Amino acid sequence: MEQDKFNYFCNCFEDALKKTFAQLAEVDLSNCDSQPADSTKKLSSVVGVVGVNKGRIHIAMAEDLVKKLYESANGESATDEMDLCFYLAEFTNMITGSGITVVNNTYRGSDLRLTPPAIFADEKLDIATPQVQSAQKSYQTKLGPVMIEIGFEGE
2 MEQDKFNYFC
12 NCFEDALKKT
22 FAQLAEVDLS
32 NCDSQPADST
42 KKLSSVVGVV
52 GVNKGRIHIA
62 MAEDLVKKLY
72 ESANGESATD
82 EMDLCFYLAE
92 FTNMITGSGI
102 TVVNNTYRGS
112 DLRLTPPAIF
122 ADEKLDIATP
132 QVQSAQKSYQ
142 TKLGPVMIEI
152 GFEGE
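Under this note's numbering, think of the first position of the sequence shown as 2, with each following residue one higher.
So this is what it looks like as structure tokens:
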């Protein structure tokens, strides 16, 4: 994928992340250079993107932050970790869907669509996909770190 197009894709998904956080939970995201090394439990969701350009959006965040997002959206606490995982999957779908809409409106022939999410929970999560151009952006909140990784292949 040409660099300008890839950068545009990244900006669309990063903007969608910031807007979704602001709208749903009034959580401020502060840029940070890299994901802080900590041992807090993180939840992670990966949504695939298909169409002319294939890729994925990976979002990971501290479990406490997912709890805050869940409570803001549902007006009550989650009853178990599975509720948090399902909520993070839906949250990632919202971000990915918003980003895809902007990309499709600009690159009319892209016909990008999202795939069902995969969800992970652990203290250290890394995903590597060969032959995928990717960019990662890290943020810090009062409740812990947030990371978005955007990866695409093809032209």
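Backbone N, C-alpha and C fix where the C-beta goes; we use that ideal spot for every residue, glycine too. Nothing here was measured: the structure is a model prediction, and the numbers come from that model.
Rounded straight-line distance, which links the Cα of residue j to that of residue i
i: glutamate 77; j: proline 117; result: 25 angstroms
i: threonine 32; j: glutamine 24; result: Strictly speaking, residue 32 in this sequence is asparagine, with threonine absent from that position. Using only the alpha carbons, I get a separation of about 18 angstroms.
i: threonine 107; j: aspartate 5; result: 13 angstroms
i: glycine 100; j: asparagine 75; result: 24 angstroms
i: alanine 136; j: alanine 79; result: 32 angstroms
i: aspartate 112; j: valine 103; result: 11 angstroms
i: valine 48; j: threonine 142; result: 23 angstroms
i: glycine 56; j: glutamine 132; result: 10 angstroms
i: lysine 69; j: cysteine 13; result: 24 angstroms
Environment of residue i [buried if 16+ CB atoms lie within 10 Å]
i: methionine 83; result: exposed
i: valine 51; result: exposed
Opposing strand residues paired with residue i [DSSP bridges]
i: asparagine 12; result: Beta-bridge pairing links asparagine 12 to no other residue.
i: serine 31; result: Gln141
i: proline 118; result: In DSSP, proline 118 forms no bridge with anything.
i: phenylalanine 153; result: Gly56, Gln134
Beta carbon of residue i nearer than 8 angstroms to that of residue j
i: isoleucine 151; j: phenylalanine 22; result: no
i: leucine 85; j: valine 147; result: no
i: isoleucine 120; j: leucine 89; result: yes
i: threonine 93; j: serine 46; result: yes
i: threonine 41; j: glutamate 27; result: no
i: isoleucine 149; j: leucine 18; result: yes
Own chain residues within Cβ distance below 8 angstroms of residue i, not counting five before or after
i: glutamine 134; result: Met2, Phe7, Gly152, Phe153, Glu154
Residue-chain proximity (residue i, chain B), Cβ-Cβ < 8 angstroms
i: isoleucine 96; result: Absent from the structure is chain B; it holds one protein chain and no more.
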